[in-house]
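First residue of the sequence shown? That's 8 in this note's numbering, and the numbers climb one at a time after it. Working notes for the structure below.
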Amino acid sequence: MGNRRGVSPVGVEPARWYTRVHRLLPLLLLMFAVGCGDEPLRDNPADPGSSVYDPDGTLLITVVNRDSEGLEGAQIIIPSQQLSVYTSPLGQAFIDLTPGLHDYMVHHAGFVSTERSVTIPFRRQLATTVTLNGTPTIDSLSVHTEMRQEDETLFRFWYLVEAQVSDPDGLGDIESVIYYEPSDDPSHLLLPTFPGSGWFTREFDLGEDVDNLKEFLNQPLRVTVLDEFEDSTSSTTSITSFFLYKHLHEDIIAPVQGDAGSAVNPTFVWLNGRVVPNRDEFWFNPARYRIEVFQDGSSEQAIDTTVSFATEVESEIVDTFRVTWPGTLTSGVDYDWRLTLYDPFGNSARSMLTPFRPQ
8 MGNRRGVSPV GVEPARWYTR VHRLLPLLLL MFAVGCGDEP LRDNPADPGS
58 SVYDPDGTLL ITVVNRDSEG LEGAQIIIPS QQLSVYTSPL GQAFIDLTPG
108 LHDYMVHHAG FVSTERSVTI PFRRQLATTV TLNGTPTIDS LSVHTEMRQE
158 DETLFRFWYL VEAQVSDPDG LGDIESVIYY EPSDDPSHLL LPTFPGSGWF
208 TREFDLGEDV DNLKEFLNQP LRVTVLDEFE DSTSSTTSIT SFFLYKHLHE
258 DIIAPVQGDA GSAVNPTFVW LNGRVVPNRD EFWFNPARYR IEVFQDGSSE
308 QAIDTTVSFA TEVESEIVDT FRVTWPGTLT SGVDYDWRLT LYDPFGNSAR
358 SMLTPFRPQ
């Protein structure tokens with residue numbers, strides 16, 4: 008059955024249908040214009056299409072010593088980013104990095120550097136702690152020679168190696184201090200002078216021939232300190248000089264019987280070797296001597312003191328040196344004493360023992 012004449016296909020008269028469309032047209036055009044305009048603002052940093060997209064994660068590094076104390080000023084280097092930062096007083100550093108694997112290095116003066124790798128997460132923080140081991144150091148290294156008189160005619164030659172070491176982790180972290188002779192073989196352990204002092208020493212007997220000592224002159228003598236993690240530091244020194252003086256025992260004058268040999272405040276007197284005729288002249292300004300006194304048969308020192316004599320005028324050089332000890336020895340007991348003379352470089356000549364009995 009066909010449509011009735013004058014009626015639209017949707018059952019609405021043409022004039023009325025046109026009027027409705029005409030009224031809706033502006034609204035439809037507006038909706039079309041809005042739909043065809045700019046996209047909604049994308050301001051989410053996690054949105055890859057956002058102009059503020061930021062995928063970086065944060066690395067929190069805390070650098071500590073072996074006592075878990077934060078290390079201020081530790082340098083953290085990330086080569087791939089050409090980045091270098093330093094830790095705060097708490098030992099911390101916050102570093103923004105792109106997600107993925109990064110290598111980094113940590114340095115601090117006095118500590119062993121380390122290299123690490125870390126995988127940075129997407130837009131999250133990762134915390135890690137780096138513990139640095141302190142580097143053992145050699146703060147002082149010296150070598151001294153000594154000529155020791157054994158009896159009236161016998162002299163032996165020695166040299167002494169002495170090192171002071173330290174470690175940021177404490178002296179308890181020091182594993183060993185090793186001395187190497189010029190050929191690096193043999194090696195010798197240096198021994199602690201006093202526990203906890205950081206001083207290590209050892210003396211070596213070169214025999215009666217001074218040529219044995221001369222062979223060591225200007226040869227490299229190496230010392231290495233190692234900690235319990237086998238981190239190490241080495242330093243080198245050499246014997247550059249020595250001196251021979253065989254008359255020190257002959258210079259000794261007192262203590263003797265009488266006032267000089269009193270048990271109370273004993274006085275020790277010896278000649279200045281320079282003023283003795285027909286003798287090698289040794290004069291150091293200041294002239295430094297060590298006085299040691301032993302009770303007969305004992306290796307324990309009753310007196311051990313070092314004294315110096317100096318003058319600015321050549322004509323005021325004295326013929327004898329005199330030292331009074333402000334203490335008391337045991338009257339009627341046998342003692343021995345000896346002198347050691349030092350040159351300005353710490354080398355020395357030591358006399359044989361001389362007996363005396365204070366009154």
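C-beta atoms are modelled at their ideal positions from N, C-alpha and C, and glycine is treated no differently.
Quiz prompt | Range of the contiguous beta strand (DSSP E) that encloses Glu256 | solution = The question names Glu, but residue 256 is His in the sequence shown. Residue range Leu255 to Asp258 is occupied by the alpha helix (DSSP H) that includes His256, with no beta strand (DSSP E) assigned at that position.
Exercise. Run through the stretch 204-249 for me and flag every whole alpha helix (DSSP H) of 4 or more residues, listed as ranges in chain order.
Key: Listed in chain order, the complete alpha helix (DSSP H) runs (minimum 4 residues) inside the stretch 204-249 are 217-221.
Quiz item: Just to confirm, are Phe250 and Ala356 a CB contact at a threshold of 9 Å?
Solution: Cβ atoms of Phe250 and Ala356: closer than 9 Å.
Practice problem: Provide the residue(s) that pair with Ser315 in DSSP beta bridges, ordered along the chain. | Solution: Beta-bridge pairing links Ser315 to Arg295.
Quiz item: Exposed or buried, Phe223, counting other C-beta atoms within 10 Å across all chains shown (16 or more means buried)?
Solution: The residue is buried, with at least 16 neighbouring Cβ atoms inside 10 Å.
Quiz item: If you check the beta carbons only, do Asp234 and Asp174 fall under 9 Å apart?
Solution: It is a contact, given that the beta carbons lie within the stated cut-off.
Exercise. Please classify Gly9: is it buried, with 16 or more other beta-carbons within 10 angstroms of its beta-carbon, or exposed?
Key: With a pLDDT of 48 at Gly9, under the threshold of 50, the modelled position of that residue is not reliable, and the figure given next carries that caveat. Exposed, because fewer than 16 other Cβ atoms sit within 10 Å of the Cβ of Gly9.
Practice problem: Look up Ser87 in the DSSP assignment and say whether it is helix, strand or coil. | Solution: The answer is helix: DSSP assigns Ser87 an H, G or I state.
Quiz item: What residue from Gly64, Thr152, Asp146 and Gln366 has the CA that sits closest to Thr243's CA?
Solution: Checked all of Gly64, Thr152, Asp146 and Gln366; the closest Cα to Thr243 is Asp146.
Practice problem: Can you check DSSP and say which residues form a bridge with Val332? | Solution: It should be pointed out that residue 332 corresponds to Trp in this sequence rather than to Val. As DSSP reads the structure, Trp332 sits in no beta bridge.
Exercise. Please classify Leu78: does DSSP put it in a helix, a strand, or coil?
Key: In the structure shown, Leu78 sits in coil (DSSP, three-state: anything other than H, G, I, E or B).
Self-check item: Distance, Ala100 Cα to Trp206 Cα
Solution: Rounded to whole angstroms, the gap between the alpha carbons of Trp206 and Ala100 is 37 Å.
Quiz item: So, using beta-carbon positions, are Ile246 and Val150 closer together than 9 Å?
Solution: The Cβ atoms of Ile246 and Val150 lie closer than 9 Å to each other.
Quiz item: What residues in its chain sit with their C-beta under 7 Å from that of Arg329, if we drop five residues either side in the sequence?
Solution: The residues are Thr274 and Val276.
Self-check item: Straight-line gap, Val232 to Leu97 (C-alpha atoms, nearest Å)
Solution: Distance from the CA of Val232 to the CA of Leu97, rounded to the nearest whole angstrom, comes to 30 Å.
Quiz item: Can you list, in chain order, the residues of its chain whose CB lies under 8 Å from that of Leu360, leaving out five sequence neighbours each side?
Solution: Correct list, in chain order: Phe301, Asp343, Trp344 and Arg345.
Quiz item: Three or more C-beta pairs closer than 8 Å, one from the stretch 203-221 and one from the stretch 156-168: is that the case here?
Solution: Contact between the stretch 203-221 and the stretch 156-168 is present, with at least three C-beta pairs closer than 8 Å.
Quiz prompt | As assigned by DSSP and simplified to three states, the class of Leu167 | solution = In the structure shown, the three-state DSSP call for Leu167 is strand.
Exercise. Please determine, among Val137, Glu182 and Gly334, the residue with the shortest C-alpha to C-alpha distance to Asp311.
Key: Of the candidates Val137, Glu182 and Gly334, the one whose C-alpha sits nearest the C-alpha of Asp311 is Gly334.
Quiz prompt | Cβ separation of Tyr187 and Arg209, assumed to be a contact under 8 Å, to the nearest whole Å | solution = Contact between Tyr187 and Arg209 is absent: CB atoms are separated by about 12 Å, not below the 8 Å threshold.
Quiz item: Going by the CB atoms, is the gap between Thr138 and Val71 shorter than 9 Å?
Solution: With respect to the 9 Å criterion, Val71 and Thr138 are classified as neighbours on the basis of their beta carbons.
Quiz item: Alpha carbon to alpha carbon, what distance is there between Ile298 and Leu348?
Solution: Distance between the alpha carbons of Leu348 and Ile298 is about 9 Å.
Self-check item: Val70 - containing beta strand (DSSP E), residue span
Solution: Val70 -> beta strand (DSSP E) spans Gly64 to Val71.
Practice problem: Quick one: using the 10 Å Cβ neighbour count with 16 as the cut-off for buried, is Ser358 buried or exposed? | Solution: A buried status is given to Ser358, since no fewer than 16 other beta-carbon atoms sit within 10 Å of its beta-carbon.
Exercise. Please classify Gly98: does DSSP put it in a helix, a strand, or coil?
Key: Look at Gly98 here: in three-state DSSP terms it is coil, with no helix or strand label.
Practice problem: Specify, as a first and last residue, the run of the beta strand (DSSP E) that Thr138 falls within. | Solution: From DSSP, the beta strand (DSSP E) with Thr138 extends over Gln132 to Thr138.
Quiz prompt | Straight-line gap, Pro86 to Ile181 (C-alpha atoms, nearest Å) | solution = Approximately 33 Å between the Cα atoms of the pair.
Quiz item: Is it the case that the Cβ atoms of Gly77 and His115 are separated by a distance below 9 Å?
Solution: When the beta-carbon positions are compared, Gly77 and His115 stay at least 9 Å from each other.
Practice problem: Using the DSSP secondary-structure output, state which residues sit across from Tyr349 in a beta bridge. | Solution: Its beta-bridge partners are Arg295 and Ser355.
Exercise. May I ask which residues mark the beginning and end of the beta strand (DSSP E) holding Thr337?
Key: Counting along the chain, Thr337 falls outside any beta strand (DSSP E), and DSSP gives it neither H nor E.
Quiz item: Among His256, Asn354, Asp326 and Arg364, which has the Cα closest to the Cα of Phe336?
Solution: Residue identity differs from the one stated: residue 336 is Leu in this sequence, not Phe. Residue Arg364 is the option with its Cα nearest to Leu336.
Self-check item: Option in Gln366, Ser338 and Ser239 with minimal Cα separation from Gly117
Solution: Selected option, being the one with the closest Cα: Ser239.
Self-check item: Burial state of Ser153, where buried means 16 or more other Cβ atoms lie within 10 Å
Solution: Checking the displayed sequence, the identity of residue 153 turns out to be Glu instead of Ser. With 16 or more other Cβ atoms within 10 Å, it is buried.
Practice problem: Sort Val119, Phe211 and Ile127 by Cα distance to Asp176 and report the nearest one. | Solution: Ranking the options by Cα distance to Asp176, first place goes to Val119.
Practice problem: Tell me whether Glu159 sits in a helix, a strand or coil according to DSSP, three-state version. | Solution: Coil at Glu159, not helix or strand.
Practice problem: Classify Leu178 as helix, strand or coil using the three-state DSSP reduction. | Solution: Residue state for Leu178 is assigned as helix, using DSSP reduced to three classes.
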